[in-house]
Amino acid sequence: MTTLVDTPVRPHPTGPFARPRTRRADRRRWQDGPTPASLADLAALTREVAAEVETGRHGVEVDPVHRWARRLHADDHLDVWLISWTTDQGAELHDHGGSIGALTVVRGALTEWRWTAGSDDDGTCPAEELHARGPGLRRRVLDPGHSVSFGLGHVHDVTNRAVETAVSVHAYSPPLSAMSYYGVEAGVLRRTRSELVAPGQSPE
Ligand SMILES: [Fe+2]
1 MTTLVDTPVR
11 PHPTGPFARP
21 RTRRADRRRW
31 QDGPTPASLA
41 DLAALTREVA
51 AEVETGRHGV
61 EVDPVHRWAR
71 RLHADDHLDV
81 WLISWTTDQG
91 AELHDHGGSI
101 GALTVVRGAL
111 TEWRWTAGSD
121 DDGTCPAEEL
131 HARGPGLRRR
141 VLDPGHSVSF
151 GLGHVHDVTN
161 RAVETAVSVH
171 AYSPPLSAMS
181 YYGVEAGVLR
191 RTRSELVAPG
201 QSPE
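Note that full-length UniProt numbering has the sequence shown beginning at 1, numbered continuously upward.
The following block contains the structure:
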C-alpha cells in the first residue's frame, strides 16, 4: 500500500508541452507510443522537476510504513509524481499498460530489475540475487541524477535497497490507466494479474 497525497493539479510551466515546438521535435512526436510526448521529453521533464525538488520547491515526506507519493501535475497527456522510498520499499514486477514513462532519481539510490527476454545479468549483480530472480532480468542501480525511460512493454520493478531514503520523480504519458504484474518461472515471464489504475492513483 502506498501513502498517497494528491496536490491540486496545476499546469507545469516547464513541461514538454510548454516548450516551443521545433521541426525536429514535431518529427519525433508520436514515435514512442500513443502520445505526443516522446521518451526523451519525459526524461527531460523528470530531470527538470527533480531539479525543482532539490531547490525545495516541492516538499518531500517519508512514510516508513507505506511508500509515499504525491502527484505534482496531471493533464490529458501526462502525469508527474514525486515518490519517496525508505529501505526495501518497492514495487512488484510490472508494466505500465499503454503508457510510456521516465524517472529521475533525486537522492538516494533505486535498484531497478528489468525484463530482457533471454538475457543474463550484465555482471554487476551478486550471484545469489541473480539466482533468486532468474535469467532474463537485469539489474541496474540508479544513482542521483540518473534518468531512465520506459517504452511500451517495459517490465520492471524498482526498490530502494539502500539505507538512505530515496526520492524520485516519475512521469507517464498518457497518464497510467492500467498495469499488469508478472512473475518469472524457469526463465519465462508470466503475467499474474492486471489492474486498472484510477486517475490520481499512485503509480509503481
Ligand atoms: Fe514502473
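All C-beta atoms, glycine included, are put in the ideal place defined by N, C-alpha and C. All of these numbers come straight from a predicted model, not from anything done at the bench.
Between Gly101 and Leu42, the gap from beta carbon to beta carbon is short of 8 Å. Under the 10 Å beta carbon count, Pro64 is surrounded by fewer than 16 other beta carbons and is classified as exposed. Contact check for Leu93 and His156: beta-carbon distance about 7 Å, within the 8 Å limit, so the pair qualifies.
The beta carbon of Glu204 sits closer than 7 Å to at least one heavy atom of ligand 1. Cα atoms of Val106 and Ala44: separation of roughly 13 Å, rounded to the nearest angstrom. Boundaries of the beta strand (DSSP E) around Leu142: Leu137 to Leu142. Annotated as distal: Thr46 and Ala186, with beta-carbon spacing of 8 Å or more. With contacts defined as CB atoms closer than 8 Å, Ala69 and Ser180 fail to qualify as a contacting pair. Closer than 7 Å to some heavy atom of ligand 1: that does not describe the Cβ of Val148. Contact between the segment 140 to 153 and the segment 72 to 83 is absent: fewer than 3 CB-CB pairs across the two stretches fall below 8 Å. Taking 7 Å as the cut-off, the C-beta of Val188 does not count as close to any heavy atom of ligand 1.
Spatial neighbours of Val167 in its own chain (CB-CB distance under 8 Å, excluding positions within 5 residues in sequence) are listed in chain order as Val53, Val60, Leu82, Ile83, Ser84, Trp85, Val105, Val106, Arg107 and Gly108.
Within the DSSP secondary-structure output, Leu110 pairs in a beta bridge with Leu142. With contacts defined as CB atoms closer than 8 Å, Leu103 and Val169 qualify as a contacting pair. By a beta-carbon distance limit of 8 Å, Asp79 contacts Pro175. Their separation comes to about 4 Å.
In the three-state reduction of the DSSP assignment, Glu185 falls in the strand class.
With a beta-carbon spacing of about 5 Å, Arg190 and Gly183 fall inside the 8 Å limit used to define contacts.
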